[in-house]
Each structure stands twice: as C-alpha cells, then as structure tokens.
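J.: So in the working numbering, spot 20 of the sequence shown is number 21, and the numbers just go up one at a time.
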Amino acid sequence: MFRNILIVCVGNICRSPTAELLLRNALEPSDIVVTSAGLNARVGEPMESNARQVLEDQGVAAEGFKARQITPAIVNESDLILVMEKEHIKEVLGIASHARGKVFLLGKWQSEREIKDPYRQGKAAFVHAHALIKDAVGSWAQRLGR
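1) Am I right that Val34 and Ile8 are in contact with their C-beta atoms under 8 Å? What's the rounded C-beta distance?
2) Give me the DSSP bridge partner(s) of Cys10.
3) Using 8 Å as the cut-off, can you tell me whether the region 67 to 74 makes contact with the region 107 to 126, which would need three or more C-beta pairs spanning the two stretches below that distance?
4) Going by DSSP in three states, Leu83 sits in which element: helix, strand or coil?
5) What distance in whole Å lies between the Cβ atoms of Ala27 and Met148, which are believed to be in contact at a cut-off of 8 Å?
6) Is it true that the CB of Asp118 sits closer than 8 Å to the CB of Asn5?
7) Using only alpha-carbon positions, find the residue among His131, Ala100, Val44 and Gln143 that is nearest to Glu115.
8) Please tell me whether Leu23 and Val61 are closer than 8 Å, where the distance is taken between their beta carbons.
9) By a C-beta neighbour count over all protein chains shown, 10 Å radius and 16 as the cutoff for buried, is Ser37 buried or exposed?
10) Kindly identify the DSSP beta-bridge partner or partners of Arg114.
11) Just verifying my parser: in three-state terms, what is the DSSP assignment at Gln70?
12) Using alpha carbons as the reference points, say which of Pro18, Gly12 and Asp136 lies closest to Glu57.
13) Would the beta-carbon of Asn51 fall within 8 Å of that of Phe127?
14) May I have the straight-line CA-CA distance separating Val11 from Ala142, to the nearest angstrom?
15) Just the Cα atoms here: how many angstroms apart are Glu46 and Phe66?
In structure tokens form, the structure reads like this:
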C-alpha cells in the first residue's frame, strides 16, 4: 500500500506541482499523501504562472504552493516516486540508490512516455504538458485504487 507519493521534476514549479495537485484530487478521499520536489528546485518559489493558470482554467486551485528541493530524507519517506523524464530516474537514484524499485516515470502506463519541461516555452507548451500529465495521473489513479 502506498501512503506517500512523491512527484519529481527539475525546478518543482511547473510539471511536478501540476501532477501533485491533479493526483491528490484524483485520489480523494484517501489517506495517501501526495507531494512534490525538484532535483534543482527553485526553493520557496510559487508555481510558474502559466502552469498555475492552466490548472486554474481546469478548475484546480493552485495557490499557496512553494517549491522544495528533493533530499535523501524525502526519498526515504516516499513509497512511490514518479518522475517526468528517464534522466530523472538516474538522478533520484544518485541521491538514494536504495530507491530503485520505487521510482517510475509518471508516463509509465503511456508506453514510458516522458513529459518534457514547458518552462519558458509559452502557454501552449504548458497546455500540452498539462494534458500529458492529466492522462498519466488518471492511469496511476486507476492503478492506485481510485
């Protein structure tokens, strides 16, 4: 049983907070805790404005988010770690090699699809990334029993 799910991207201001909020909503009501962190986080920063706007356009509240850096302790307390790109798996394992077996692509159920970073690419890139994240989150939510 998964109790703590961590979602990881690079800056923790676009993709991972989007996935965090969508998966948390998809799993409600649930005792599962969904959080996110960045491999090179913009610590303390709010969600990127385009990412937040796309979420809010879909009816998902996104205020109050603050980016945080992934740490070995965060990896240790996570039962499942979902990342955006294959390279992120290697980076998480570089932080905590014992995490092997609990780190997967968010797009695992979409033929191991990677979700590329939309940062600084305009709103259309964020809309596209959001659609891919929403699709992947739906697949994980089904498999997690919701």
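Even for Gly, the Cβ is constructed at its ideal location relative to N, Cα and C.
T.: This is what the structure gives:
1) Taking the first residue of the sequence shown as position 1, residue 34 is located at position 33. Taking the first residue of the sequence shown as position 1, residue 8 is located at position 7. So it is not a contact: roughly 12 Å between Cβ atoms.
2) Numbered from its first residue, the sequence shown carries residue 10 at position 9. Per DSSP, Gly39.
3) no
4) For the purposes of this step, residue 83 is taken as residue 82 along the sequence shown, with counting starting at 1. Three-state result, Leu83: strand.
5) No information on residue 148 is available, as it lies outside the stretch 2 to 147 that the chain covers here.
6) Translated into positions along the sequence shown, residue 5 becomes position 4. Translated into positions along the sequence shown, residue 118 becomes position 117. Against a cut-off of 8 Å, the Cβ pair of Asp118 and Asn5 comes out as no contact.
7) Position 114 of the sequence shown, counted from the start, is the residue given in the question as residue 115. Ranking the options by Cα distance to Glu115, first place goes to His131.
8) The residue given as residue 23 occupies position 22 in the sequence shown. The residue given as residue 61 occupies position 60 in the sequence shown. Cβ distance < 8 Å, so Leu23 and Val61 count as in contact.
9) As a first step, residue 37 must be located in the sequence shown, where it is residue number 36. Under this definition Ser37 is a buried residue.
10) One-based indexing of the sequence shown puts residue 114 at position 113. Note: Arg114 sits in a beta bridge opposite Gly108.
11) By 1-based counting over the sequence shown, the position of residue 70 is 69. Gln70 falls in the strand class under three-state DSSP.
12) Start at 1 with the first residue of the sequence shown, and residue 57 comes out as number 56. When only C-alpha atoms are compared, the closest one is Pro18.
13) In the sequence shown, the residue the question calls residue 51 occupies position 50. In the sequence shown, the residue the question calls residue 127 occupies position 126. Their beta carbons are under 8 Å apart, which means Asn51 touches Phe127 by this criterion.
14) On the sequence shown, position 10 is the one that residue 11 refers to. On the sequence shown, position 141 is the one that residue 142 refers to. Computed Cα separation, rounded: 23 Å.
15) Sequence index remark: in the sequence shown, residue 46 carries index 45 (1-based). Sequence index remark: in the sequence shown, residue 66 carries index 65 (1-based). Approximately 8 Å between the Cα atoms of the pair.
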